[in-house]
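**Q** Chains A and B supply the protein sequences, listed in that same order. Under the numbering used here, think of the first position of the first sequence as 1, with each following residue one higher. Under the numbering used here, think of the first position of the second sequence as 1001, with each following residue one higher. By construction, the Cβ of each residue, glycine as well, lies at the ideal position given by its N, Cα and C atoms. Computed from a prediction, not measured in an experiment: that's the story for all the values here. Mind looking over this structure? Questions follow.
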Amino acid sequence: EPEEPSLLKKLLLAPPNS
Amino acid sequence: SSPTPHTGLDLPALVLEFVRCEQDELLVRSKISTHLALLQQNQSSSSTEPLTTFGLMCHIADQTLFFIVEWARSCNFFKELKVGDQMKLLHNCWSELLVLDYISRQVHHDEQDTILLITGQKVDLTSLLTQAGVTLGELVRGARQLAQRLQELQLDCREITCFKYLILFNPDVKLLENQEYVENVYHQVSGALLEYTLCVYPQHVDRFSQLLLHLRELRVLSTQAEDYLSYKHLNGEVPCNKLLIEMLHAKRA
Chain A
1 EPEEPSLLKK LLLAPPNS
Chain B
1001 SSPTPHTGLD LPALVLEFVR CEQDELLVRS KISTHLALLQ QNQSSSSTEP
1051 LTTFGLMCHI ADQTLFFIVE WARSCNFFKE LKVGDQMKLL HNCWSELLVL
1101 DYISRQVHHD EQDTILLITG QKVDLTSLLT QAGVTLGELV RGARQLAQRL
1151 QELQLDCREI TCFKYLILFN PDVKLLENQE YVENVYHQVS GALLEYTLCV
1201 YPQHVDRFSQ LLLHLRELRV LSTQAEDYLS YKHLNGEVPC NKLLIEMLHA
1251 KRA
């Protein structure tokens, strides 16, 4: 079962001030 | 807004830089309050179970975590790290930063019989302890005692900001790609805090060691808070807060 994408990783990779 | 010694002293540049990067507390407060108001509006208009007090606290903690991540991303030291290391550091320290956020707000809250939430709301302590079970009651009392000790020490907002960096750049976190860098940042912050305390509170020579002692007490409290949250999560009592649950799983894994 594919691991759920990490929300933290998404936040850390989001463009600044997004 | 906390009482900070007004000094003409030559303060460590690093400490002043840290304070400059702090988030606007009122902006954070209004954003979280808006989120919760929308959440409660959706709750009342849908057939889902109304949020319990504990459920509301979980949402507040979840929202606070988003702002903690945003704060970390704004730190120049943190930006130097690759995302893998950034995740490891935040997975390690999220509960300590949450507890510090809560306790530092109580340190500068002058009413003894209420606790102040990040939303600006005040919760009556007696009624909270009446509702709380044994474990949560012990947690609230433990946090209150630590807040009182920090109040007696007259902990100031610059010292609190340094605490955040000492917690985030924890040199004990293993398997980091850039371990040396994290250790180096920790020692830089530690030195800046020592210099700050000697400069602003020269009459209190062991202030720095007392601050580190209280930081260890905070870490114990945060582990107790995680244990409690894990227990509530296993009981299915933690509402689906993506970030809070992810952090809990990562730390417990």
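Please work out which residues of its chain come closer than 6 Å, Cβ to Cβ, to Ala-1256 (chain B), disregarding the five sequence neighbours upstream and downstream, and give them in chain order.
**A** For chain B, the structure presents residues 1001 to 1253; residue 1256 (chain B) sits outside this window and is missing.
**Q** Compare the C-beta of Glu-1226 (chain B) with all C-beta atoms of chain A and state if any pair is closer than 8 Å.
**A** By this cut-off, Glu-1226 (chain B) is not an interface position.
**Q** Let's see if you can read the secondary structure: which residues bound the beta strand (DSSP E) around Ile-1115 (chain B)?
**A** Taken as a continuous stretch (DSSP letters only), the beta strand (DSSP E) holding Ile-1115 (chain B) covers 1114-1116.
**Q** Can you pull the chain A residues whose beta carbon is under 7 Å from the beta carbon of Lys-1242 (chain B), in chain order?
**A** Near Lys-1242 (chain B) (Cβ distances below 7 Å), the residues of chain A are Leu-7.
**Q** What residues in the region 1079-1100 of chain B bring their beta carbon closer than 8 Å to a beta carbon of chain A?
**A** Under the 8 Å Cβ criterion, the region 1079-1100 of chain B contributes Val-1083, Gln-1086, Met-1087, Leu-1090 and His-1091.
**Q** Please go through the same chain and pick out, in chain order, the residues whose beta-carbon is closer than 6 Å to the beta-carbon of Ser-1078 (chain B), but skip the five residues on each side of it.
**A** Ser is not the amino acid found at residue 1078 (chain B); the sequence shown has Phe there. Only Ala-1072 meet the Cβ criterion.
**Q** Buried or exposed for Val-1220 (chain B), please, with buried defined as at least 16 other CB atoms from any protein chain shown within 10 angstroms of its CB.
**A** It counts as exposed.
**Q** For Asp-1124 (chain B), does the three-state DSSP call read helix, strand or coil?
**A** In the structure shown, Asp-1124 (chain B) sits in a strand (DSSP, three-state: E or B).
**Q** CA-CA distance, Leu-1194 (chain B) and Ala-1037 (chain B)?
**A** C-alpha separation (whole angstroms): 42 Å.
**Q** By how many angstroms is the C-alpha of Val-1200 (chain B) removed from the C-alpha of Val-1069 (chain B)?
**A** Taking the straight line from one Cα to the other gives about 30 Å.
**Q** Measure the CB-CB distance between Leu-1244 (chain B) and Cys-1058 (chain B) and report whether it falls below 8 Å.
**A** Yes, these two residues count as a Cβ contact at 8 Å.
**Q** Could you check if Ala-1143 (chain B) is buried or exposed, using at least 16 other CB atoms within 10 Å of its CB as the buried criterion?
**A** So Ala-1143 (chain B) counts as buried.
**Q** Would you mind sorting Val-1134 (chain B) into buried or exposed? The rule is 16 or more other CB atoms within 10 Å of its CB.
**A** When all chains shown are included, Val-1134 (chain B) counts as exposed.
**Q** Determine, for Gln-1185 (chain B), whether the minimum Cβ-Cβ distance to residues of chain A falls below 8 Å.
**A** Correcting the residue type first, residue 1185 (chain B) is Val in the shown sequence and not Gln. Chain A, which has no Cβ nearer than 8 Å to the Cβ of Val-1185 (chain B), makes this no.
**Q** Within the 8 Å Cβ cut-off, does Val-1173 (chain B) reach chain A?
**A** No - not a single Cβ of chain A is within 8 Å of the one on Val-1173 (chain B).
**Q** From B:Leu-1039, B:Arg-1252 and B:Phe-1208, pick the residue whose C-alpha is nearest to that of Gln-1224 (chain B); which is it?
**A** Considering only alpha carbons, the answer is B:Arg-1252.
**Q** How is the alpha helix (DSSP H) around Gln-1040 (chain B) delimited, first residue to last?
**A** Taken as a continuous stretch (DSSP letters only), the alpha helix (DSSP H) holding Gln-1040 (chain B) covers 1025-1045.
**Q** Figure out for me which residue from B:Gln-1148, B:Arg-1020 and B:Trp-1094 has the closest Cα to the Cα of His-1214 (chain B).
**A** For His-1214 (chain B), the nearest C-alpha among the options comes from B:Gln-1148.
**Q** Pull up the CB-CB distance for Thr-1119 (chain B) and Ser-1033 (chain B), whole angstroms please, since I reckon it's below 8 Å.
**A** Confirmed, Cβ separation roughly 5 Å.
**Q** Suppose you measure from the CA of Pro-1003 (chain B) to the CA of Cys-1157 (chain B); what does that come to, to the nearest Å?
**A** With a pLDDT of 44 at Pro-1003 (chain B), under the threshold of 50, the predicted position of this residue should be treated as unreliable, and no value is reported.
**Q** Going residue by residue through the region 1137-1182 of chain B, where are the continuous alpha helix (DSSP H) segments of at least 4 residues, counting only ones entirely within it?
**A** Counting only runs of 4 or more, we get 1157-1168.
**Q** Within 8 Å, do at least three Cβ pairs link the region 1158-1166 of chain B to the region 1016-1023 of chain B?
**A** Result yes; three or more Cβ-Cβ pairs closer than 8 Å.
**Q** Report the rounded CA-to-CA distance for Glu-1025 (chain B) versus Ser-1095 (chain B), giving the unit in angstroms.
**A** If I take the Cα positions, the gap works out to 19 Å.
**Q** For Val-947 (chain B), decide whether its Cβ has a neighbour in chain A, counting only Cβ atoms nearer than 8 Å.
**A** There is no way to answer for residue 947 (chain B), as the model of chain B reaches only from 1001 to 1253.
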